[in-house]
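The structure under discussion appears below in the form of C-alpha coordinates.
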Amino acid sequence: MDRDEFNRIKEEEKAHLRKVRALKQQLREAKRKQGLLGALQSLDTSALDATHEEALRKITEKNITSEARYELAMEALDEAAKQEADREEMTRLEAERQKNAAADLVQQMKTQMLGDVQEPVAETKQQDTTPDEAPAPPSAKTIGPGTRESQDTDTDQADEPDAPPARSIGRFGRDQQTRD
235 MDRDEFNRIK EEEKAHLRKV RALKQQLREA KRKQGLLGAL QSLDTSALDA THEEALRKIT
295 EKNITSEARY ELAMEALDEA AKQEADREEM TRLEAERQKN AAADLVQQMK TQMLGDVQEP
355 VAETKQQDTT PDEAPAPPSA KTIGPGTRES QDTDTDQADE PDAPPARSIG RFGRDQQTRD
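Using the working numbering, the letters of the sequence shown map in sequence onto residues 235 to 414.
Here it is in C-alpha coordinates:
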(Lines of atoms letter the chains of each structure in order from A and count residues from 1; the text may use other names and numbers.)
(Lines give C-alpha, C1' and ligand atoms only; values in the text may rest on other atoms or scores of the structure.)
Protein backbone atom coordinates (compact mmCIF):
# COMPACT_ATOMS: atom_id res chain seq x y z
CA MET A 1 0.00 0.00 0.00
CA ASP A 2 1.37 3.12 -1.04
CA ARG A 3 0.74 6.52 0.25
CA ASP A 4 -1.87 7.56 -2.35
CA GLU A 5 -3.95 4.52 -1.81
CA PHE A 6 -3.72 4.99 1.95
CA ASN A 7 -4.98 8.61 1.66
CA ARG A 8 -7.80 7.55 -0.66
CA ILE A 9 -8.98 4.86 1.81
CA LYS A 10 -8.63 7.31 4.65
CA GLU A 11 -10.81 9.86 2.80
CA GLU A 12 -13.42 7.22 2.03
CA GLU A 13 -13.53 6.21 5.67
CA LYS A 14 -13.99 9.83 6.74
CA ALA A 15 -16.83 10.26 4.26
CA HIS A 16 -18.44 7.06 5.53
CA LEU A 17 -18.17 8.25 9.16
CA ARG A 18 -19.75 11.57 8.21
CA LYS A 19 -22.67 9.75 6.60
CA VAL A 20 -23.09 7.52 9.68
CA ARG A 21 -23.02 10.59 11.94
CA ALA A 22 -25.68 12.33 9.80
CA LEU A 23 -27.85 9.20 9.85
CA LYS A 24 -27.55 8.98 13.65
CA GLN A 25 -28.56 12.62 13.91
CA GLN A 26 -31.59 11.96 11.70
CA LEU A 27 -32.52 8.98 13.85
CA ARG A 28 -32.36 11.07 17.03
CA GLU A 29 -34.57 13.75 15.41
CA ALA A 30 -37.08 11.13 14.27
CA LYS A 31 -37.25 9.60 17.76
CA ARG A 32 -37.74 13.03 19.35
CA LYS A 33 -40.52 13.91 16.88
CA GLN A 34 -42.15 10.51 17.44
CA GLY A 35 -42.11 11.10 21.22
CA LEU A 36 -43.69 14.55 20.81
CA LEU A 37 -46.30 13.22 18.44
CA GLY A 38 -47.15 10.39 20.84
CA ALA A 39 -47.45 12.84 23.75
CA LEU A 40 -49.77 15.09 21.73
CA GLN A 41 -51.92 12.13 20.67
CA SER A 42 -52.19 10.82 24.19
CA LEU A 43 -53.12 14.26 25.52
CA ASP A 44 -56.73 14.43 26.75
CA THR A 45 -58.14 17.56 25.10
CA SER A 46 -61.55 17.28 26.76
CA ALA A 47 -60.07 18.42 30.07
CA LEU A 48 -58.35 21.34 28.34
CA ASP A 49 -61.55 22.30 26.56
CA ALA A 50 -63.46 22.30 29.83
CA THR A 51 -60.75 24.41 31.49
CA HIS A 52 -60.75 26.80 28.57
CA GLU A 53 -64.55 27.12 28.65
CA GLU A 54 -64.48 27.74 32.41
CA ALA A 55 -61.84 30.47 32.07
CA LEU A 56 -63.79 32.07 29.21
CA ARG A 57 -67.00 32.01 31.28
CA LYS A 58 -65.25 33.67 34.26
CA ILE A 59 -63.80 36.40 32.06
CA THR A 60 -67.19 37.02 30.48
CA GLU A 61 -68.85 37.28 33.91
CA LYS A 62 -66.18 39.74 35.11
CA ASN A 63 -66.65 41.78 31.95
CA ILE A 64 -70.43 41.92 32.40
CA THR A 65 -70.19 42.92 36.07
CA SER A 66 -67.59 45.58 35.25
CA GLU A 67 -69.83 47.03 32.53
CA ALA A 68 -72.80 47.06 34.91
CA ARG A 69 -70.75 48.83 37.60
CA TYR A 70 -69.56 51.35 35.02
CA GLU A 71 -73.13 52.07 33.89
CA LEU A 72 -74.30 52.49 37.49
CA ALA A 73 -71.41 54.84 38.22
CA MET A 74 -72.17 56.89 35.12
CA GLU A 75 -75.86 57.10 36.08
CA ALA A 76 -74.90 58.20 39.59
CA LEU A 77 -72.54 60.78 38.13
CA ASP A 78 -75.28 62.07 35.82
CA GLU A 79 -77.71 62.16 38.74
CA ALA A 80 -75.19 64.06 40.86
CA ALA A 81 -74.61 66.55 38.04
CA LYS A 82 -78.36 67.06 37.65
CA GLN A 83 -78.76 67.57 41.41
CA GLU A 84 -75.88 70.04 41.42
CA ALA A 85 -77.45 71.96 38.52
CA ASP A 86 -80.79 71.96 40.35
CA ARG A 87 -79.12 73.25 43.52
CA GLU A 88 -77.37 76.00 41.57
CA GLU A 89 -80.65 76.96 39.90
CA MET A 90 -82.44 77.03 43.26
CA THR A 91 -79.65 79.14 44.75
CA ARG A 92 -79.85 81.57 41.83
CA LEU A 93 -83.64 81.78 42.12
CA GLU A 94 -83.40 82.30 45.88
CA ALA A 95 -80.85 85.09 45.41
CA GLU A 96 -83.07 86.69 42.79
CA ARG A 97 -86.08 86.41 45.11
CA GLN A 98 -84.11 88.01 47.95
CA LYS A 99 -82.94 90.77 45.63
CA ASN A 100 -86.53 91.45 44.55
CA ALA A 101 -87.69 91.40 48.17
CA ALA A 102 -84.94 93.86 49.11
CA ALA A 103 -85.90 96.13 46.21
CA ASP A 104 -89.54 96.01 47.37
CA LEU A 105 -88.48 96.83 50.94
CA VAL A 106 -86.40 99.77 49.73
CA GLN A 107 -89.37 100.97 47.70
CA GLN A 108 -91.62 100.69 50.77
CA MET A 109 -89.13 102.63 52.88
CA LYS A 110 -88.89 105.33 50.23
CA THR A 111 -92.68 105.65 50.13
CA GLN A 112 -92.85 105.86 53.93
CA MET A 113 -90.08 108.48 54.03
CA LEU A 114 -91.64 110.60 51.31
CA GLY A 115 -94.92 110.61 53.21
CA ASP A 116 -97.71 112.42 51.40
CA VAL A 117 -95.56 113.44 48.41
CA GLN A 118 -95.99 110.70 45.84
CA GLU A 119 -95.67 110.91 42.12
CA PRO A 120 -98.19 109.12 39.97
CA VAL A 121 -97.03 105.80 38.55
CA ALA A 122 -97.58 106.99 34.98
CA GLU A 123 -95.14 109.90 35.39
CA THR A 124 -92.35 107.68 36.72
CA LYS A 125 -92.83 105.25 33.87
CA GLN A 126 -92.75 108.15 31.41
CA GLN A 127 -89.49 109.41 32.91
CA ASP A 128 -87.99 105.95 32.59
CA THR A 129 -88.92 105.71 28.91
CA THR A 130 -87.69 109.19 27.88
CA PRO A 131 -83.92 109.36 28.43
CA ASP A 132 -83.50 112.91 26.99
CA GLU A 133 -85.46 114.54 29.83
CA ALA A 134 -83.65 115.56 33.00
CA PRO A 135 -84.41 113.49 36.11
CA ALA A 136 -86.70 114.95 38.73
CA PRO A 137 -84.95 116.86 41.56
CA PRO A 138 -84.71 115.05 44.88
CA SER A 139 -87.27 115.79 47.52
CA ALA A 140 -86.68 118.41 50.19
CA LYS A 141 -86.47 115.82 52.97
CA THR A 142 -83.04 114.43 53.79
CA ILE A 143 -81.64 112.10 56.36
CA GLY A 144 -79.59 113.84 59.02
CA PRO A 145 -79.56 117.10 60.93
CA GLY A 146 -79.02 119.57 58.06
CA THR A 147 -81.15 120.30 55.00
CA ARG A 148 -80.06 121.16 51.52
CA GLU A 149 -81.11 124.81 51.87
CA SER A 150 -79.11 125.32 55.06
CA GLN A 151 -76.03 123.85 53.39
CA ASP A 152 -76.35 126.13 50.37
CA THR A 153 -76.47 129.24 52.54
CA ASP A 154 -73.18 128.49 54.28
CA THR A 155 -70.62 131.23 53.48
CA ASP A 156 -67.65 128.91 53.11
CA GLN A 157 -69.46 126.89 50.54
CA ALA A 158 -70.51 129.91 48.52
CA ASP A 159 -66.82 130.55 47.74
CA GLU A 160 -66.18 126.95 46.67
CA PRO A 161 -68.98 125.35 44.61
CA ASP A 162 -67.58 121.79 44.88
CA ALA A 163 -66.83 121.98 48.60
CA PRO A 164 -68.31 119.30 50.84
CA PRO A 165 -70.91 120.21 53.45
CA ALA A 166 -69.70 121.84 56.65
CA ARG A 167 -70.77 118.85 58.72
CA SER A 168 -69.08 115.76 57.36
CA ILE A 169 -67.36 112.74 58.71
CA GLY A 170 -63.96 111.77 57.51
CA ARG A 171 -61.40 113.47 55.31
CA PHE A 172 -63.50 116.43 54.17
CA GLY A 173 -64.25 117.56 57.70
CA ARG A 174 -60.56 117.53 58.63
CA ASP A 175 -59.58 119.39 55.45
CA GLN A 176 -62.06 122.14 56.15
CA GLN A 177 -60.85 122.52 59.72
CA THR A 178 -57.27 122.92 58.54
CA ARG A 179 -58.29 125.62 56.06
CA ASP A 180 -59.97 127.74 58.79
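Glycine is no exception: its CB is placed at the ideal position from the N, C-alpha and C atoms.
Annotation for Ile-293: the continuous alpha helix (DSSP H) segment containing it runs 279-348. As the crow flies, the alpha-carbon of Glu-247 is around 42 Å from that of Gln-275.
Rounded to the nearest whole angstrom, the CA to CA distance from Gln-332 to Lys-296 is 53 Å.
In the three-state reduction of the DSSP assignment, Ile-243 falls in the helix class. Taking C-alpha positions only, Ala-314 is separated from Arg-326 by approximately 18 Å. In this structure, DSSP gives Asp-238 a helical state, which the three-state scheme calls helix. A straight line joining the alpha-carbon of Ala-335 with that of Glu-301 spans about 50 Å.
Across the structure, Ala-310 and Met-347 are spaced so that their CA atoms are roughly 54 Å apart. Rounded to the nearest whole angstrom, the CA to CA distance from Gln-317 to Asp-283 is 51 Å. One Cα belongs to Leu-251, the other to Gln-268, and the distance between them is close to 25 Å. Annotation: Lys-265 to Glu-305 spans about 58 Å, alpha carbon to alpha carbon. Each residue's CA atom was taken as its position, placing Arg-321 and Met-343 some 32 Å apart.
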